Amino acid sequence: MAWKIPLSDIAMGGDEVDAVRDVLQSRWLSMGPVTEEFEAAFARYLGVKHAFAVSNGTAALHIAHAVLGISSGDEVITPSLTFVATANSVLYCGARPVFADIAGPDDLNVAWEDIAAKVSPRTRAITVVHYGGYPCDMQPILDLARDHDLRVVEDAAHAVGATYKEKMCGTIGDVGCFSFFANKNLATGEGGMVVTNDDDLAERIRVMRSHGMTTLTWDRHRGHGYSYDVTALGYNYRINEVASALGIVQLRRLAENNARRKRIAARYRKMLEGVEGIACPFSGKVDGESSHHIFPVVLSGDLPRAGLQASLKELGVQTSIHYPPIHLFTYYQRLLGDTSGSLPQTEFVGEHEMTLPLYPGMTDEEVEYVCAAIAGAAPGVLRGTG
Ligand SMILES: *Cc1c(COP(=O)(O)O)cnc(C)c1O
0 MAWKIPLSDI AMGGDEVDAV RDVLQSRWLS MGPVTEEFEA AFARYLGVKH
50 AFAVSNGTAA LHIAHAVLGI SSGDEVITPS LTFVATANSV LYCGARPVFA
100 DIAGPDDLNV AWEDIAAKVS PRTRAITVVH YGGYPCDMQP ILDLARDHDL
150 RVVEDAAHAV GATYKEKMCG TIGDVGCFSF FANKNLATGE GGMVVTNDDD
200 LAERIRVMRS HGMTTLTWDR HRGHGYSYDV TALGYNYRIN EVASALGIVQ
250 LRRLAENNAR RKRIAARYRK MLEGVEGIAC PFSGKVDGES SHHIFPVVLS
300 GDLPRAGLQA SLKELGVQTS IHYPPIHLFT YYQRLLGDTS GSLPQTEFVG
350 EHEMTLPLYP GMTDEEVEYV CAAIAGAAPG VLRGTG
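Quick note on numbering that gives the first Met the number 0: the sequence shown kicks off at 0 and runs consecutively.
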């Protein structure tokens with residue numbers, strides 16, 4: 000399907016091509032000096048002590064929970080209105096995700112009040128997601144964590160460059176996780192990053208990323224030893240030099256791209272104001288700065304989403320859903336029992352949210368086209384004539 004306006008598009012140019020060519024000509028493809036440079040640049044950008052590049056955001060989340068010692072019998076409180084990898088990474092550790100509701104149709108982030116209600120003697124951690132790049136209200140969550148001796152993981156897959164009270168998202172909890180999947184604000188195709196300010200956690204992350212081994216192939220290539228020990232159960236979650244080279248260039252573009260996303264989001268908000276049946280969440284003041292990863296709208300209960308999405312598709316506009324709630328998936332229902340009805344706000348948004356196209360290369364005219372398409376289609380869909 001050739002969309003007139005796709006949901007998302009990469010923002011890359013000649014610098015990325017040059018960076019990849021340099022890696023190929025260097026003849027070193029596996030994790031090495033370019034990755035070290037990417038990690039250093041990323042850590043500097045976030046103002047965090049340690050950053051470890053990994054193969055994808057899911058690997059970052061698995062490592063984060065594993066190094067915090069999350070294991071069988073433990074519970075981790077997370078939102079259900081997120082990508083399934085957030086909860087899967089808890090299951091990888093043998094622990095149980097316990098889902099907390101979002102605040103409501105305007106604030107799609109997990110509600111600290113519901114996190115508080117879900118804390119049990121088995122709770123070990125809270126894993127938050129900065130939905131769409133809008134920062135969660137972290138202070139009450141950090142207070143809860145302190146009071147109950149819980150660790151905090153930030154799934155910052157949407158939130159590279161976002162801030163909460165002047166602090167970079169991903170650096171506020173114990174461990175922060177980023178994804179560089181092809182549609183994320185910083186894209187390397189596949190890739191991710193685990194960040195922390197804790198020296199002990201950092202050492203465990205370093206070892207776990209590469210089979211639990213004490214040295215890397217790159218270290219041995221440089222003549223630093225012939226052998227290695229294995230000190231923990233590890234994984235192969237390494238990134239590669241081509242992805243890291245893309246990451247370095249993409250990081251340089253990030254501020255400008257996020258600024259462009261912000262202007263597009265503001266234009267959407269202005270143009271959709273007063274369109275019946277369409278609300279733009281996060282309308283209140285955000286205590287920080289969003290990275291505007293996606294632009295969600297929430298449809299009124301009487302506006303059928305499928306009909307509107309079909310009408311927009313006819314006009315060449317791709318839309319999406321963020322997210323089908325995790326607790327309603329077949330696999331999770333089989334695992335945790337039928338919990339439908341337990342998260343009313345999440346379930347409402349899961350049924351009525353629609354995500355509009357947003358990417359740095361989107362023009363003002365394209366934003367206007369999408370808004371006109373919605374304003375044109377919505378009344379017909381409401382009347383059942385769309
Ligand atoms: C993209 C994403 C992930 C997973 O990242 P991958 O790099 O695709 O493994 C995890 N959580 C959220 C919220 C995401 O959007």
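Where is the CB? At the ideal position from N, CA and C, for every residue including glycine. All values reported here derive from a predicted model rather than from experimental measurement.
query	result
A84 beta carbon near ligand 1 (any heavy atom closer than 7 angstroms)	yes
Test item: CB-CB of H321 and T354 under 8 angstroms	yes
Continuous beta strand (DSSP E) stretch holding D154: start and end	150 to 154
Strand pairing of Y163, partner residues [DSSP]	K166, G287
Residue span of the beta strand (DSSP E) that contains V19, given as start and end	Taken as a continuous stretch (DSSP letters only), V19 belongs to no beta strand (DSSP E), being part of the alpha helix (DSSP H) at 13 to 25.
Unbroken alpha helix (DSSP H) run spanning P343, endpoints	343 to 351
C-alpha distance - A39 paired with L143, whole-angstrom precision	32 angstroms
Start and end residues, beta strand (DSSP E) containing I125	122 to 128
Strand pairing of S212, partner residues [DSSP]	What sits at residue 212 in the sequence shown is Met, not Ser. Note: M212 sits in a beta bridge opposite V229.
Straight-line gap, V297 to E346 (C-alpha atoms, nearest Å)	12 angstroms
C-beta contact flag for S54 and G191 at 8 angstroms	yes
Reference P120, options E74, F294, D106, closest by Cα	E74
Beta carbon of I293 nearer than 8 angstroms to that of L357	yes
Environment of D148 [buried if 16+ CB atoms lie within 10 Å]	exposed
Inter-residue spacing [alpha-carbon to alpha-carbon] between A124 and H64	8 angstroms
Beta-carbon separation (whole angstroms), G172 vs L45, contact threshold 8 angstroms	Actually they are not in contact, since the Cβ atoms of G172 and L45 sit about 13 angstroms apart, beyond 8 angstroms.
Span of the alpha helix (DSSP H), counted from its first residue to its last, around G306	304 to 313
C-beta contact flag for A59 and F180 at 8 angstroms	no
Whole-Å CB distance - H291 paired with G31, under 8 angstroms assumed	Rounded, the Cβ-Cβ distance is 33 angstroms, inconsistent with contact.
Member of E35, G273, S341 whose CA lies at the smallest distance from the CA of F51	E35
V241: first and last residue of the uninterrupted alpha helix (DSSP H) it sits in	240 to 271
Heavy atom of ligand 1 within 7 angstroms of V285 beta-carbon	no
D146 versus D136: straight-line alpha-carbon distance, rounded	17 angstroms
For S319: DSSP bridge partner residues	T354
Buried or exposed (CB count within 10 angstroms, at least 16 for buried), E15	buried
Chain-order list of residues whose beta-carbon lies under 6 angstroms from that of V248 (same chain, five-residue window excluded)	D14, E15, A18
Stretch-stretch touch, CB-based, cutoff 8 angstroms, three pairs: the segment 194 to 209 with the segment 263 to 279	no
As assigned by DSSP and simplified to three states, the class of I76	strand
Heavy atom of ligand 1 within 7 angstroms of H157 beta-carbon	yes
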